[in-house]
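Residue numbers (UniProt numbering), protein chains in the order written: chain A, 1 to 297; chain B, 1 to 585; chain C, 1 to 331. By construction, the Cβ of each residue, glycine as well, lies at the ideal position given by its N, Cα and C atoms.
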Amino acid sequence: MTALQEVPAQDAAAPAGVRREALYFALRNGKLLTGFGIVLALLLLGLLGPLFLSGTGSEYGTQPMQPPSAEHWFGTTTFGQDVFTQFVYGLRTTFVVGALGGGIAAVIAMLVGFVAGYRGGLVDEILNMFTNIVLVIPTLAVLLIINAYLGVRSVGAQALFIGLTSWPWAARAIRAQTFSLRTRDFVDLARLSGANTWKVITREIAPNMSSYLFMTFILLFGGSVLIASSLDFIGLGPTEGTSLGLMLQNANQWSAMQLGMWWWFIPPGAGITAIVGSLYVANVGLDEVFNPKLRET
Amino acid sequence: MRNRVRITIPLLAAGLLAAACTSGGQTPAGQASPGGSAPAANQANPNSLPRNETLYTSGTQWGPPANFNPVREWDYATGTEGLVYESLFHFDPNTSKLVPWLAESGAWSDDKTYEIKLRQGVTWSDGKPFTAKDVVFTLELGKMETVPYHNIWEWIEKAEAVDDQTVKVTFSKSNYQEWDFQLYGRAIVPQHVWEGRSEQEVLDGKNENPIGTGAYKYMSHDQDRVVWQRRDDWWGKTVLKMEPKPKYIVDIVNSSNEVAMGLLLQKGMDLSNNFLPGAANLVKGNFGISTYYPEAPYMLSANTAFLVLNTTKKPMDDPAFRKALANSIDTKKIVEGVYGNLVKPASPTGLLPQWEQFVDQSVVSQNGFSFDTAKAKKLLSDAGYRDRDGDGFVENKDGSKISLNLIVPSGWTDWMESIRVIAASAKESGINVTTDFPDFNALVDKRSKGDFDMLINNERQLSNTPWTYYDYMFQLPVQKTQNTVNFGRYENKKVWELVQQLDQVKSDDTEGMKKVISEIQKIHLEEMPIIPLWYNGLWSQVSGAAWKNWPSSAEGAPKTAPTMWRNWLELGGFETLTQLQPAAS
Amino acid sequence: MRRYFGRKLLVYGLTFFVAVTVNWMIPRFMPGDPVSSMVARTGASNPAAAETMRVYYTNLFGFDQPLWKQYVNFWAALFQGDFGISIWVFPTPVSEVILGAVPYTLGLMIPSVLLSWVVGNWFGAYAARRKVLDNTLLPVGYVLTAMPYMWLAVLLAWGLGVVAGWFPVAGGYSFSMQPSWSWDFILDLLHHWVLPFSSLFLVALGGWAIGMRNMIIYELESDYSNYLAALGAPQRLIRRYAFRNAVLPQITGLALQLGVLVAGALVTEIVFSYPGLGSLILKAIQNQDFFLLQGAFLFIVLGVLIANFIIDIVYVVVDPRTRAGMAGAAA
């Protein structure tokens with residue numbers, strides 16, 4: 001998984017022109033279009049697919065272990081369940097986990113990063129220590145509490161857990177960015193005019209690194225999807241419904257590959273790879289759009 | 001560049017897919033190559049076991065071999081009892097007879113006295129002779145409260161060594177059935193080694209380098225395996241004219257079923273006692289893997305999966321409701337859909353096929369149940385369970401909603417699928433059943449405290465007598481925690497008296513047993529506190545790569561149990577080892 | 001210099017303290033009672049015996065003591081290297097179980113992390129701003145880094161293990177071998193190591209290559225590069241400077257990624273049933289083995305902290321600015 005690099009903050013130029021320019025380059029950036037195109041296609045499939053499908057993919061069918069055909073696009077499982085239907089529903093869950101988990105992590109990372117970077121001093125010191133601690137604590141232990149102690153194993157709980165544990169690197173990155181913005185003239189100006197910390201952060205600092213924040217969120221989104229699939233795979237996934245990770249776990253537990261049912265094992269993994277990989281590619285594209293120096297010459 | 005990236009990524013993904021597809025193929029026939037990891041590669045190495053003399057097994061041990069202590073019957077390393085420690089008798093499920101083993105014979109000299117004659121010339125692996133004192137010592141170990149067979153001293157008065165070859169056991173209450181179970185189930189330990197061990201050592205000791213009378217001795221172990229080496233001075237070679245063929249037995253610790261399947265396909269394993277989903281495909285495909293039967297149900301039956309109802313909770317305290325529930329379950333769908341016919345639907349009595357003679361067919365035809373949604377609905381409404389609020393589910397007689405939670409351990413995939421079927425078919429009949437998959441330990445906790453609605457359990461195995469099943473179903477009194485029996489907390493003094501009565505029927509008195517069992521069955525089917533669902537198989541997939549003459553239903557093949565499961569080596573598992581032949585010969 | 005490391009050590013010390021406390025707390029809030037499940041597993045047919053055993057085990061594990069005392073005892077025992085007795089592998093001490101697994105995990109982690117980092121950075125740096133390479137390597141890198149570890153692991157196990165038969169699919173060494181210091185055994189170990197190593201290596205490789213590629217482009221576009229280019233410095237020299245600067249964030253990135261890499265090793269070990277800490281943790285979770293879980297987590301925390309500290313040192317050695325800054329601070 002790629003972490004966002006701690007690069008020096010970009011110049012905060014006049015916003016309106018920049019936006020129009022960004023859009024111009026965005027529409028001409030192959031990486032961005034490919035990446036978002038694939039993600040969007042899969043998202044639409046997840047959103048709209050169920051409308052055209054009967055059942056949720058958990059019903060037993062009469063034709064077990066069938067290879068892909070016109071009737072079953074991705075074949076069927078050991079129990080005759082339709083793999084394509086499962087895949088479509090799995091996409092939904094995967095996007096929910098990514099958006100929720102990535103979102104929660106981004107919010108925490110921004111709070112910690114902004115405050116630590118802007119205030120500096122003791123506050124920075126404490127928050128930094130906190131970040132470091134969360135960074136090394138094995139996340140699985142925390143999951144056990146959520147999973148076993150609360151007895152909840154819903155998609156939401158999983159996303160919450162991922163969000164609560166995957167923010168540290170992002171917080172560090174945002175802190176570094178904030179740090180370098182803090183000494184800029186316009187921030188000084190705002191501070192001198194009596195704006196409080198919250199105002200300075202939301203009005204001055206955050207908007208000036210919005211592209212950076214968006215890219216951070218994308219990476220957190222992709223990371224959440226991968227972590228969720230790992231959790232699903234080791235049996236700590238949601239108990240109701242299906243996700244791409246659960247499909248992988250199921251296919252593996254029922255020895256799909258060994259029994260020659262590649263159509264059960266390949267699609268969920270390929271789906272995850274496609275989502276996460278496309279997001280990463282789109283991220284690089286975004287970077288190029290927002291950072292004129294990186295554009296192809 | 002922009003264009004190229006757009007094309008390259010999908011192309012690459014497609015390429016990966018295509019590669020996987022083509023190499024996968026429609027039928028994964030004959031894909032395992034014997035080379036590679038196959039242990040045959042380096043025979044010259046003294047640290048490496050020769051493939052043609054080694055048997056690789058798996059399916060018993062789910063954690064590292066932690067101890068070699070036969071008292072810890074639930075987690076000793078595979079083979080500790082059976083390969084190293086032996087029992088006085090074995091039991092042959094095909095003939096339902098005890099087979100003399102360490103004992104030459106045993107008989108009741110009167111109603112309260114059992115006399116055991118031991119064989120001559122049996123020695124422990126340290127060279128000391130095996131005598132009657134060892135047998136008495138082993139039985140008396142049970143006087144320690146924490147030893148699992150402590151309860152025999154509730155009905156045994158004393159055990160004494162008359163001479164070196166004779167043991168006399170005097171009973172205060174003659175539990176013939178249970179005593180037979182002890183005769184073949186109890187591993188005899190050497191007095192001269194175990195003497196002086198504290199209660200803690202007996203219960204918790206690792207007992208490294210075990211000294212037994214058996215055909216194998218300890219060679220080595222690691223986190224993921226235990227290795228046994230044959231004793232060429234084993235007494236049975238001359239006395240029983242038997243010799244287990246593999247010089248080494250390596251039992252591999254299970255990490256998961258799919259890993260076991262991988263090893264089996266790579267020919268790195270000979271006997272897998274794992275539940276392997278899709279075993280039917282393995283047998284039918286060209287993999288060189290076989291099971292006991294060449295077609296459904298593929299396996300011998302080993303135990304019964306029961307639906308345990310918590311009879312202390314409403315509405316499961318009502319026999320009418322329980323019977324309706326029994327009728328609502330589509331067992332056929334589980335057998336076919338989930339297991340692909342690897343298991344068989346159970347008789348309404350739950351008694352294994354091996355005990356078929358004890359099933360009273362007239363009782364079954366009168367009181368038995370079968371999947372019948374209409375009948376289940378009728379039984380429900382007759383008993384006053386009706387859908388009053390129109391949500392499709394029946395309510396209690398007082399109008400309160402019924403919602404029953406059915407649990408199995410998380411990760412037990414076949415059971416997880418099975419209870420989904422049960423819940424769905426119960427809903428058809430109007431009973432709202434939900435499913436949940438707690439961790440195994442959390443489930444055990446709930447189960448022992450009675451803090452559950454319904455669960456599935458199959459912990460009792462085939463044995464010498466149906467009494468062990470009925471003990472499991474009806475044992476009284478109900479304790480604060482129920483650890484091994486009567487999880488449903490069903491209290492019926494009459495049936496428990498009958499079970500105790502059954503225990504005191506002589507084990508050769510089949511007619512006497514049938515009479516009592518018929519009465520028990522009548523109560524069981526009328527009251528239905530526990531619902532038999534299907535017979536779990538004696539999971540066993542064997543590879544002919546290194547060893548042949550595996551037990552099977554084919555003519556001329558051995559008919560013993562092909563298994564290394566705990567307590568099954570005495571039920572024919574050991575005899576299987578003696579009949580193997582190297583594949584090369 | 002001393003102040004810099006002093007502060008770092010303080011942070012790590014505190015982290016360790018919190019980690020230990022959390023580690024101690026978490027298992028104790030779990031539902032289910034390990035003693036009762038152990039007793040249930042014993043299959044004691046006699047309820048009275050079961051009760052006796054319950055009391056016995058409760059005493060043994062110290063669950064009957066007040067919580068604060070359990071906590072103090074936990075620390076005291078920790079300093080004596082005593083992590084308690086495993087429930088899952090009863091009655092083996094936890095430290096023994098873990099020490100048996102640690103070499104496998106380290107043997108898997110250290111080479112895969114270091115090699116993927118070195119090779120990935122090299123590839124990335126080389127590919128940056130070189131059109132053909134960039135357009136071929138980059139997509140491969142993205143696909144690799146976006147793959148779920150276990151998906152690649154299962155595909156490798158199936159393709160190279162079951163179908164091709166080149167590599168074993170399970171275990172740390174052949175089931176026919178006895179551990180010894182012979183070449184046969186070492187070769188056998190390596191043979192079993194290849195597949196799990198490869199899946200970890202490949203996934204991580206993609207991430208580093210992409211990170212480096214992007215960093216190099218940043219550096220090549222920075223003012224000093226343009227300045228050098230304007231002065232007519234050779235491209236090779238500029239690239240060398242760019243690489244030096246780009247490698248620093250990659251070192252920090254390594255520290256940040258350690259947790260993720262550990263998680264990756266865990267699932268990979270599970271797929272190959274490789275006898276390392278990952279398989280151990282899974283078993284500990286499944287068997288509610290408090291002590292084993294705590295021990296394993298503590299080892300991971302310690303490992304990650306030590307690795308962080310080493311990275312700190314390396315960073316100081318590599319980055320001249322940090323060195324100069326510290327010299328100034330000390331003066």
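_At a CB distance below 8 Å, what residues from the region 173-188 of chain A approach chain C? Give them in sequence order._
Hits within the stretch: zero.
*Check the Cβ of V444/B against every Cβ in chain A and list those closer than 7 Å, keeping chain order.*
Simply none; closest approach about 14 Å.
*Kindly list, in the order they appear in chain C, the residues whose Cβ is closer than 9 Å to that of F233/A.*
P148, Y149, M150, W151, V267, I270 and V271
_Pairs of beta-carbons, one from the region 374-389 of chain B and one from the region 426-440 of chain B, closer than 8 Å: are there three or more?_
yes
*asked:* Taking only three categories from DSSP, how would you classify V408/B?
replied: Of the three classes helix, strand and coil, the one that applies to V408/B here is coil, per DSSP.
*Identify each residue in the region 247-275 of chain B for which the Cβ-Cβ distance to at least one residue of chain A is less than 8 Å, and report them in chain order.*
S256, N257, E258, M261, G262 and L265
_Contact list for L49/B against chain C, beta-carbon separation under 7 Å_ = S176
*Can you name the residues that DSSP bridges to F89/B?*
P100/B
*Interface residues of chain C around S220/B at Cβ under 8 Å?*
Q178
*Could you tell me the distance, in whole angstroms, from the CA atom of A274/A to the CA atom of I85/C?*
45 Å
*If you run the structure through DSSP and keep just helix, strand and coil, what is W565/B?*
coil
*asked:* Any contact between the region 154-171 of chain A and the region 226-238 of chain A? By contact I mean 3 or more CB pairs, one from each, below 8 Å.
replied: Cβ pair count under 8 Å is three or more, so yes.
*Partners in chain A for N286/B, counting only beta-carbon separations shorter than 9 Å*: Result: empty, since nearest Cβ-Cβ is about 12 Å, beyond 9 Å.
*What three-state label does DSSP hand residue 622/B in the structure shown?*
Limits of chain B in this structure are 1 at one end and 585 at the other, which puts residue 622/B out of reach.
*is_contact[R489/B, chain D] using C-beta, thresh 8 Å*: The chain inventory of the structure shown lacks chain D, comprising the protein chains A, B and C.
*When the Cα of S109/B is compared with those of F171/B, P65/B, G214/B and Q354/B, which residue comes out closest?*
F171/B
*In three-state DSSP terms, what is L49/B?*
coil
*asked:* Assuming the contact rule is C-beta atoms closer than 8 Å, W208/C and G120/C should be a hit. Round their C-beta distance to whole Å, please.
replied: 3 Å
*When DSSP labels each residue in this structure, what does Q177/A get in the three-state scheme?*
helix
*Check whether the Cβ of A584/B lies closer than 8 Å to any Cβ atom in chain C.*
no
*Within this structure, are the beta carbons of Q253/A and T413/B separated by less than 8 Å?*
yes
_Sub-8 Å separation of A426/B and L325/B beta-carbons_ = yes
*Jot down the residue ranges of each uninterrupted beta strand (DSSP E) in the region 228-294 of chain C, minimum 3 residues, whole runs only, in chain order.*
none
*What residues of chain A sit near N287/C, judged by a beta carbon separation below 9 Å?*
Contacts between N287/C and chain A, judged by CB atoms closer than 9 Å, are missing: the closest CB pair is about 13 Å apart.
_Whole-number beta carbon distance between F299/C and residue 336/C, since they are thought to touch under 8 Å_ = Residue 336/C is absent from the structure shown; chain C starts at 1 and stops at 331.
*asked:* Between which residues of its own chain and G117/A is the CB-CB distance below 6 Å, once the five residues before and five after are set aside?
replied: Answer for G117/A: R175, T178 and F179, listed in chain order.
*Please determine, among Y184/B, G212/B, S174/B and D180/B, the residue with the shortest C-alpha to C-alpha distance to Q191/B.*
Cα-wise, what sits closest to Q191/B is G212/B.
*Within this structure, are the beta carbons of F68/B and T78/B separated by less than 8 Å?*
no
*If we count the other Cβ atoms within 10 Å of its Cβ and call it buried at 16 or more, is W169/A buried or exposed?*
Buried: at least 16 other Cβ atoms inside 10 Å.
*At what residues does the alpha helix (DSSP H) containing D318/B begin and finish?*
Segment: none, D318/B is in no alpha helix (DSSP H) and carries neither H nor E.
*Do you know how far the Cα of D453/B is from the Cα of L404/B?*
6 Å
*Can the beta-carbon of H72/A be found less than 8 Å from the beta-carbon of V88/A?*
no
*asked:* What does the alpha-carbon distance come out to for the pair I38/A and V194/C?
replied: 33 Å
*asked:* Need the endpoints of the alpha helix (DSSP H) that V79/C sits in, please.
replied: Checking the sequence shown, residue 79/C turns out to be Phe, not Val. For F79/C, the enclosing alpha helix (DSSP H) covers residues L67 to F79.
*asked:* My output table needs one value for A107/B: the three-state DSSP class, helix, strand or coil.
replied: strand
_My output table needs one value for G537/B: the three-state DSSP class, helix, strand or coil._
strand
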